[in-house]
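A.B. asks: Going by my numbering, the sequence shown opens with residue 1, and the numbers climb by one from there.
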Amino acid sequence: LEPGTWASGDHSGRPAQCPYTWTTIEGGVIHGEMFVRHHQLDVIKGELFADVMKELESWGEILFIVHTPDIVLECAGMIPPGSFGRGYYNIHGDSPIGGHIRAEACSRIVFLARPFMGRQSCSIQFFNGDGEAMFKVFVRRDEKREMLAHQVAKFEAMRARHADAANAWLAGTLDDAGV
1 LEPGTWASGD
11 HSGRPAQCPY
21 TWTTIEGGVI
31 HGEMFVRHHQ
41 LDVIKGELFA
51 DVMKELESWG
61 EILFIVHTPD
71 IVLECAGMIP
81 PGSFGRGYYN
91 IHGDSPIGGH
101 IRAEACSRIV
111 FLARPFMGRQ
121 SCSIQFFNGD
131 GEAMFKVFVR
141 RDEKREMLAH
151 QVAKFEAMRA
161 RHADAANAWL
171 AGTLDDAGV
């Protein structure tokens with residue numbers, strides 16, 4: 001695994017399902033043994049981008065986040081139906097969320113469950129080949145700040161469907177890298 005292969009940024013939490021222990025990878029999501037102990041993480045191939053996006057269309061209102069060094073843009077809305085055209089995955093519909101995504105740039109999709117600001121959170125995060133977050137989709141919360149149960153169920157079901165393939169692929173990737 002090369003530095004920058006995974007998501008960049010400050011990650012204070014670490015996943016629980018991954019069977020490996022890593023040393024620090026500069027600029028990467030995987031920072032060490034603690035990563036394995038505290039959070040649940042599954043990584044799948046970016047080739048499944050359209051499948052994941054199609055399924056997200058059925059979740060109802062989610063929290064869509066685009067995070068750059070200069071802004072954290074949060075938008076609540078439904079993921080509208082998408083289709084491929086002119087080199088992009090285009091999403092448009094009756095939602096504040098819309099635009100054009102270079103799906104081919106997505107190299108990894110991460111299902112992450114971890115505490116954030118004292119509360120459990122669930123997100124699906126899309127990363128490009130440089131290890132940078134393209135965008136993140138978070139399970140919404142109700143007026144009591146609790147995650148919406150039907151979205152948590154959809155998150156867990158989607159993650160479970162992909163978990164075996166994700167772990168087998170990740171194990172092969174790490175084995176190939178000598179980790």
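Backbone N, C-alpha and C fix where the C-beta goes; we use that ideal spot for every residue, glycine too.
1. Between the stretch 48 to 57 and the stretch 114 to 121, can you find at least three pairs of beta-carbon atoms closer than 8 Å?
2. Pull up the CB-CB distance for His92 and Pro80, whole angstroms please, since I reckon it's below 8 Å.
3. Return the CA-CA distance between Glu57 and Met78, expressed in angstroms with no decimal places.
4. According to DSSP, simplified to helix, strand and coil, what is Arg161?
5. When you compare only the Cα positions, how much space is there between Lys144 and His150?
6. Less than 8 Å separating the beta-carbons of Phe135 and Ile65?
7. Could you tell me which residues DSSP puts in a beta bridge with Pro115?
8. Within its chain, find whatever has a CB closer than 8 Å to the CB of Arg140; leave out the 5 residues flanking it on each side and keep chain order.
9. If we call anything under 8 Å between Cβ atoms a contact, is Cys106 one with Phe126?
10. Look up Gln17 in the DSSP assignment and say whether it is helix, strand or coil.
11. Of all the options Leu112, Glu74 and Arg102, which has the alpha carbon lying nearest to the alpha carbon of Glu47?
12. Please report how far the alpha carbon of Ala113 lies from the alpha carbon of Arg159, in whole angstroms.
13. Under DSSP, the alpha helix (DSSP H) around Leu56 begins and ends at which residues?
C.D. replies: Straight from the coordinates:
1. no
2. Locating residue 92 in the sequence shown gives position 92, counting from the first residue. Locating residue 80 in the sequence shown gives position 80, counting from the first residue. Their Cβ separation, rounded to whole angstroms, is 6 Å, which keeps His92 and Pro80 in contact under 8 Å.
3. For the purposes of this step, residue 57 is identified with residue 57 of the sequence shown, where counting begins at 1. For the purposes of this step, residue 78 is identified with residue 78 of the sequence shown, where counting begins at 1. Distance between the alpha carbons of Glu57 and Met78: 7 Å.
4. Stepping through the sequence shown from its first residue, residue 161 is reached at position 161. Helix.
5. Looking up residue 144 in the sequence shown gives position 144. Looking up residue 150 in the sequence shown gives position 150. Their Cα atoms are separated by approximately 15 Å.
6. If you number the sequence shown from 1, residue 135 lands on position 135. If you number the sequence shown from 1, residue 65 lands on position 65. Result yes, Cβ atoms of Phe135 and Ile65 sit closer than 8 Å.
7. Locating residue 115 in the sequence shown gives position 115, where the first residue counts as 1. Pro115 has Gln120 as its beta-bridge partners, per DSSP.
8. Locating residue 140 in the sequence shown gives position 140, where the first residue counts as 1. Contacts found: Gly60, Glu61, Ile62, Leu63, Ala76, Met147, Leu148 and Gln151.
9. Here residue 106 refers to the residue found at position 106 of the sequence shown. Here residue 126 refers to the residue found at position 126 of the sequence shown. Result yes, Cβ atoms of Cys106 and Phe126 sit closer than 8 Å.
10. As a first step, residue 17 must be located in the sequence shown, where it is residue number 17. Note that Gln17 scores a pLDDT of 35, beneath 50, so its modelled location is shaky and nothing firm can be said.
11. As a first step, residue 47 must be located in the sequence shown, where it is residue number 47. Per the Cα distances, Arg102.
12. In the sequence shown, counting from the first residue as 1, residue 113 sits at position 113. In the sequence shown, counting from the first residue as 1, residue 159 sits at position 159. Straight-line Cα distance between these residues: approximately 10 Å.
13. Residue numbering aside, residue 56 sits at position 56 when the sequence shown is read from its first letter. Taken as a continuous stretch (DSSP letters only), the alpha helix (DSSP H) holding Leu56 covers Phe49 to Leu56.
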